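Have a look at the structure below, then the notes.
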DNA sequence: TACGGAACTC
DNA sequence: GAGTTCCGTA
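Numbering (full-length UniProt numbering), first residue to last: 1 to 156.
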């Protein structure tokens with residue numbers, strides 16, 4: 001881990017506010033991208049789904065298993081990767097996710113969008129802080145941080 | 001494998 | 001609104 005990552009890991013936990021399910025009051029049901037982040041957060045699923053490559057990029061290493069777990073959560077015993085991936089594709093227009101072309105089973109989160117969904121008042125796109133953070137991301141201060149660590153740093 | 005329309009459900 | 005199911009297309 002890089003220096004900043006180790007500080008963040010030792011001092012703070014990743015804030016739930018970045019993706020808490022309660023913040024979508026309209027639909028009580030768990031959202032797929034919440035579920036994906038949930039799996040990504042737990043080390044026991046690293047053989048199934050894991051952060052890999054660019055910031056926000058993750059690979060579904062075992063599509064059948066991810067689909068099975070998702071089906072379990074939603075009580076949809078006939079869930080499969082074909083159906084799950086259709087749901088992921090609906091996130092493209094919403095700008096929550098996009099596909100990493102050429103890389104099999106690889107998608108990428110748009111984290112500024114993910115935070116905006118839960119905390120629209122932050123309106124990062126129009127804040128000077130967002131611009132400063134962009135500059136920060138361009139630098140080499142935190143080259144090896146996972147997206148959640150990067151998010152954490154943005155709000156330190 | 002990956003995409004996106006269409007009908008359907010909750 | 002957020003998927004689920006099914007399917008034609010590349």
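Virtual Cβ for every residue (Gly too), placed ideally from N, Cα, C.
These figures come from a predicted structure and were not determined experimentally.
- Put simply, the backbone Cα of residue 111 is about 30 Å away from that of residue 77.
- The beta carbon of residue 47 lies closer than 8 Å to those of 61 and 62 in the same chain, with the five residues before and after it left out.
- Rounded to whole angstroms, the Cβ separation of residue 96 and residue 51 is 16 Å, and the two are not in contact under 8 Å.
- DSSP, read as helix, strand or coil, puts residue 59 in strand.
- Apart from the 5 residues on each side of it in sequence, residue 68 has no Cβ closer than 6 Å to any other Cβ in its chain.
- Of the candidates 53, 80 and 65, the residue whose Cα lies closest to the Cα of residue 108 is 53.
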